[in-house]
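One structure is given here, and the rest of the page talks about it.
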Amino acid sequence: MTTSTRTLDTSSLRGSVQADRLVLFSPAKLNLFFRVLRKREDQFHEIASLFQAVDLGDYLHLQKAEEDVLTCTDHRIPTDSSNLVLKAAELFRKKTGIPAFAHFHIEKNIPIEAGLGGGSSNLASTLWGLRCLYAPYLSAKTLKEWASEISSDGPFFFSSGRAYCRGRGEIIEDIPEIQKQSLWIAKPVEGLSTPSVYKSCKPELLPQRDPDEIVNGFVRGNSSYFNDLEVSAFTLLPRLALLKNELLSLGFTEVVMTGSGTAFFCTGEKKVEPKLDGIQFFPVHFIYRTSDEWYKRLPLTSNL
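Counting the sequence shown from 1 gives a position; our numbering is that position plus 16.
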């Protein structure tokens with residue numbers, strides 16, 4: 017395995033697939049609600065959450081090769097064996113026995129330390145891409161099971177794009193596409209590590225809301241947006257609580273942190289891009305996939 021700073025030039029192939037190379041859209045995810053139920057004996061937390069794929073995403077370029085090479089447009093992203101892309105490639109070879117090597121290049125658009133699942137999405141896209149290049153007989157169900165071995169969020173991306181996730185996140189139940197919704201993601205400069213947020217979380221002190229009832233509410237059109245991890249994230253980074261209030265003051269209907277933060281998703285009709293000093297705003301839409309296709313970014317003409 018080799019790492020490098022050079023890039024793989026497949027710009028002309030974006031959105032296409034050839035026999036030895038392809039480019040995949042690697043979407044971010046939101047947690048429309050997030051319950052932390054308890055800490056497990058294996059030190060993971062038992063969670064229940066409604067995950068949703070959105071059209072903010074990276075592009076993952078893959079080209080068949082004699083060895084793995086990983087590059088990325090964001091210098092903050094490690095390109096050594098700690099990256100989930102290379103972990104996924106190694107797992108794929110272990111499971112299939114196929115010498116499935118590739119040059120990988122990530123066009124990074126998903127903010128890091130945001131709770132948007134960028135690394136896990138890249139992992140899932142890697143497994144799907146290697147399947148396309150080397151083993152098209154593999155099912156999404158099989159890849160989902162493999163993804164759970166190295167990521168809690170990774171299995172979600174093999175769902176339809178909206179799923180009720182439980183356990184560590186690996187127990188997946190597809191939820192029908194019930195709403196067409198557009199919203200904004202707001203990302204401050206500050207970030208938080210996922211382990212630190214979970215470490216500070218005290219599930220026994222949280223409101224004991226029944227996640228099954230909350231999912232049923234979404235299906236009926238009665239959405240209840242919240243995130244149990246806000247309590248610990250706001251304790252670690254009090255600026256986030258202030259930011260939530262600032263976002264609400266802009267006129268958004270709901271402002272909720274996604275995952276372990278520090279990004280928020282904001283619902284409500286906003287025809288003009290919101291502005292706050294030090295905050296990146298991203299307009300996004302819900303997206304979905306069919307069982308035999310990967311995610312695609314919506315056309316740029318889609319309006320909020």
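Virtual Cβ for every residue (Gly too), placed ideally from N, Cα, C.
Excluding the 5 residues flanking residue i on each side, which residues of the same chain have their C-beta closer than 6 angstroms to its C-beta?
i      : result
SER321 : Nothing can be reported for residue 321, as the shown portion of the chain is limited to 17 through 320.
GLN296 : LYS203
PHE268 : CYS282, GLY284
ARG54  : GLU62, PRO219
LEU266 : PRO290
LEU40  : LEU76, SER141, GLY145, TRP310
ARG56  : GLU62
Among the options, which has the Cα closest to the Cα of residue i?
i      : options                        : result
TYR214 : LEU253, GLY131, ALA104, SER276 : SER276
GLY133 : GLU193, PHE108, PHE281, LYS45  : LYS45
VAL231 : GLY294, LEU263, LEU66, GLN197  : LEU66
LEU221 : ALA35, LEU208, LEU245          : LEU245
ASP228 : CYS148, ASN125, GLU189         : GLU189
THR158 : THR112, LEU149, GLN224, CYS181 : THR112
ASN243 : GLU262, GLN68, THR274          : THR274
PHE280 : TRP200, PRO223, GLU206, HIS301 : TRP200
GLY131 : PRO299, THR278, ALA151, PRO315 : THR278
GLY207 : CYS181, PRO254, GLU193, PRO223 : PRO254
LEU38  : ASP96, SER198, ALA81           : ALA81
ASN47  : ASN125, LYS286, CYS181, ILE303 : CYS181
Given residue i, which residues of its chain have a CB within under 7 angstroms of its CB, disregarding the five upstream and five downstream residues?
i      : result
GLU186 : SER164, SER168, PRO171
THR251 : SER216
LEU24  : Confidence at LEU24 is low in this model, with a pLDDT of 45, below 50, so its placement is unreliable and the value that follows should be read with caution. Around LEU24: HIS77, GLN79, THR87, HIS119, HIS121.
SER240 : PHE49, ILE230, GLY233
PHE108 : ALA116, LEU143, LEU146
ARG305 : SER176, GLY177, TYR311
THR210 : SER276
SER212 : LEU252
ALA151 : THR112, ILE114
LEU263 : ALA202, VAL271, PHE280, CYS282
ARG225 : ARG51
GLY294 : PRO204, VAL205
LEU292 : GLU262
THR95  : THR19, LEU86, THR87, CYS88
TRP7   : Given a span of 17 to 320 for the chain in the structure shown, any question on residue 7 remains unanswerable.
Using a 10 Å radius around the Cβ and a threshold of 16 neighbouring Cβ atoms, would you call residue i buried or exposed?
i      : result
PRO127 : buried
TYR153 : exposed
ARG313 : buried
ALA118 : buried
LYS160 : buried
GLU123 : buried
ASN238 : exposed
SER248 : buried
LEU35  : Before going further, note that residue 35 is Ala rather than Leu in the sequence given. So ALA35 ends up on the exposed side.
ASP308 : exposed
ASP71  : buried
VAL300 : buried
Quick one: what's got a C-beta closer than 8 angstroms to residue i's C-beta in the same chain, skipping five residues either side?
i      : result
GLY183 : GLU62, ILE63
ILE166 : LEU100, LYS103, ALA104, LEU107, LEU139
Minimum length 4: unbroken alpha helix (DSSP H) runs contained in the stretch 213–250: 227–236
At least three beta-carbon pairs within less than 8 angstroms, the stretch 244–260 to the stretch 84–95: no
Inter-stretch contact (C-beta, 8 angstroms, three-pair minimum) for the stretch 43–63 and the stretch 97–105: no
Uninterrupted beta strand (DSSP E) stretches inside the stretch 142–223 (no shorter than 3 residues): 178–183, 187–190, 198–204
Beta strand (DSSP E) runs contained entirely in the stretch 103–136, provided each spans 3 or more residues: 118–123
Length at least 3, wholly inside the stretch 250–312: the beta strand (DSSP E) runs in chain order: 270–273, 280–283, 295–301
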